[in-house]
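Colleague:
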Amino acid sequence: FDRTLNSIDDAASVWVVADKLRPLNPVDYAPGDLVSPPVENANGQPLRAQAADALVAMFAAVAAEGAGSMRLQSAYRSYGTQVSVYNRYVASAGQAGADAQSARPGFSEHQTGLAADISAGSSCILQACFGDTAQGTWLAANSWRFGFLLRYPADKVAVTGFMYEPWHFRFVGVELATELHTTSVTTLEEFFSLPAAPDYAG
Numbered sequence: 001f002d003r004t005l006n007s008i009d010d011a012a013s014v015w016v017v018a019d020k021l022r023p024l025n026p027v028d029y030a031p032g033d034l035v036s037p038p039v040e041n042a043n044g045q046p047l048r049a050q051a052a053d054a055l056v057a058m059f060a061a062v063a064a065e066g067a068g069s070m071r072l073q074s075a076y077r078s079y080g081t082q083v084s085v086y087n088r089y090v091a092s093a094g095q096a097g098a099d100a101q102s103a104r105p106g107f108s109e110h111q112t113g114l115a116a117d118i119s120a121g122s123s124c125i126l127q128a129c130f131g132d133t134a135q136g137t138w139l140a141a142n143s144w145r146f147g148f149l150l151r152y153p154a155d156k157v158a159v160t161g162f163m164y165e166p167w168h169f170r171f172v173g174v175e176l177a178t179e180l181h182t183t184s185v186t187t188l189e190e191f192f193s194l195p196a197a198p199d200y201a202g
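Under this note's numbering, residues 1 to 202 are what the sequence shown spells out, in order.
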């Protein structure tokens, strides 16, 4: 497998790695190919075209395979939107609390247009218990087939810097997602031999 096939530094790359040590470059990057996937979309947020197509196929498969229906809870957030989101967390939980559950502006996967928060039904929305639902279980086992990665696993908080988020799926493309699945590597940091990113540098 050629780990150099795509950039992990270019904000526009499908393999870009954004974490607490790796801000997007430029920090206010905005993708140019955003589209609204034709799925139930709680906040009307778009995804990059490739990720949107994959999400539509994945949502169709989860229903066809008997795990129920899903909705897109949140997707692309601009730098400016992330400023507002992060500041709300700081106001309610303090900076340390905010940093455990929300990316600082310029460090968020949602800004790439490649990250999707997924929900189902009216309970466990953006909560750890989503991982125990039929949809959450299906996604954990099958999202790789569509090019997605469960980005923040429960046992990798010290690597990713974020608490377990069974609802947050990052599109990386089928080729990389398949390689991650095959090799049982669960984080981009470990796959690309990057430093663990439990905290911001400053």
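All C-beta atoms, glycine included, are put in the ideal place defined by N, C-alpha and C.
Enumerate, from N- to C-terminal direction, the unbroken beta strand (DSSP E) stretches of 3 or more residues contained entirely within the stretch 107 to 192.
Modeller: 115 to 119, 148 to 150 and 168 to 171
Colleague: Within 10 angstroms of the Cβ of Ala64, are there 16 or more other Cβ atoms? Answer buried if so, exposed if not.
Modeller: Position 64 of the sequence shown, counted from the first residue, corresponds to residue 64. With fewer than 16 Cβ atoms within 10 Å of its Cβ, Ala64 is classed as exposed.
Colleague: Excluding the five sequence neighbours on either side, which residues of its own chain have a C-beta within less than 6 Å of the C-beta of Ser36, listed in chain order?
Modeller: Position 36 of the sequence shown holds residue 36. Hits under 6 Å: Pro46.
Colleague: My understanding is that Gln101 touches Leu24, with C-beta atoms under 8 Å, so please give their C-beta distance in whole angstroms.
Modeller: Taking the sequence shown and counting its residues from 1, the one referred to as residue 101 is at position 101. Taking the sequence shown and counting its residues from 1, the one referred to as residue 24 is at position 24. With a Cβ gap of about 19 Å, Gln101 and Leu24 do not count as contacting.
Colleague: Say whether the stretch 65 to 78 touches the stretch 116 to 127, bearing in mind that this needs 3 or more beta-carbon pairs closer than 8 Å, one atom from each stretch.
Modeller: yes
Colleague: Does the distance from the C-beta atom of Trp167 to that of Phe107 stay below 9 Å?
Modeller: For the purposes of this step, residue 167 is taken as the residue at position 167 of the sequence shown. For the purposes of this step, residue 107 is taken as the residue at position 107 of the sequence shown. Not in contact: Trp167 and Phe107 (Cβ atoms no closer than 9 Å).
Colleague: Using the three-state DSSP reduction, which class does Val227 fall into: helix, strand or coil?
Modeller: In this structure the chain extends from 1 to 202, so residue 227 is not present and cannot be described.
Colleague: Measuring alpha carbon to alpha carbon, tell me which residue in His181, Thr186 and Arg22 is nearest Arg145.
Modeller: Translated into positions along the sequence shown, residue 145 becomes position 145. Ranking the options by Cα distance to Arg145, first place goes to His181.
Colleague: Excluding the 5 residues preceding and the 5 following Val157 in the sequence, name in chain order all residues of the same chain whose CB lies nearer than 8 Å to its CB.
Modeller: Here the question's residue 157 lines up with position 157 in the sequence shown. Met163, Tyr164 and Pro198.
Colleague: Using CA atoms only, rank isn't needed, just tell me which of Glu190, Thr81 and Gln82 is closest to Thr160.
Modeller: As a position in the sequence shown, residue 160 is number 160, starting the count at 1. Scanning Glu190, Thr81 and Gln82 for the CA closest to the CA of Thr160 turns up Glu190.
Colleague: For Ala115 and Asn41, I'd like the C-alpha separation in whole angstroms.
Modeller: As a first step, residue 115 is located in the sequence shown; it is residue number 115 there, counting from the start. As a first step, residue 41 is located in the sequence shown; it is residue number 41 there, counting from the start. Going from the Cα of Ala115 to the Cα of Asn41 covers about 14 Å.
Colleague: When DSSP labels each residue in this structure, what does Arg88 get in the three-state scheme?
Modeller: The sequence position of residue 88 within the sequence shown is 88, counting from 1. In this structure, Arg88 counts as helix in the three-state DSSP scheme.
Colleague: Which same chain residues end up closer than 7 Å to Ala30 when comparing Cβ atoms and leaving out the 5 residues on each side of it in sequence?
Modeller: Within the sequence shown, the letter at position 30 stands for residue 30. Cβ within range, chain order: Ser78.
Colleague: With H, G and I counted as helix, E and B as strand and the rest as coil, what does DSSP make of Asp260?
Modeller: Outside the shown range of the chain, which is 1 to 202, sits residue 260, and nothing can be said about it.
Colleague: When we look at the beta-carbon of Leu149 and count the other beta-carbons within 10 Å, is it buried (16 or more) or exposed?
Modeller: Your numbering for residue 149 matches position 149 in the sequence shown. That one is buried.
Colleague: For Thr133 and Asn142, I'd like the C-alpha separation in whole angstroms.
Modeller: As a working note, residue 133 is residue 133 in the sequence shown. As a working note, residue 142 is residue 142 in the sequence shown. Approximately 14 Å, taken between the alpha carbons.
Colleague: Buried or exposed: which applies to Asp19, given that a residue is buried once 16 or more other Cβ atoms fall within 10 Å of its Cβ?
Modeller: In the sequence shown, the residue the question calls residue 19 occupies position 19. By the 10 Å Cβ count, Asp19 comes out buried.
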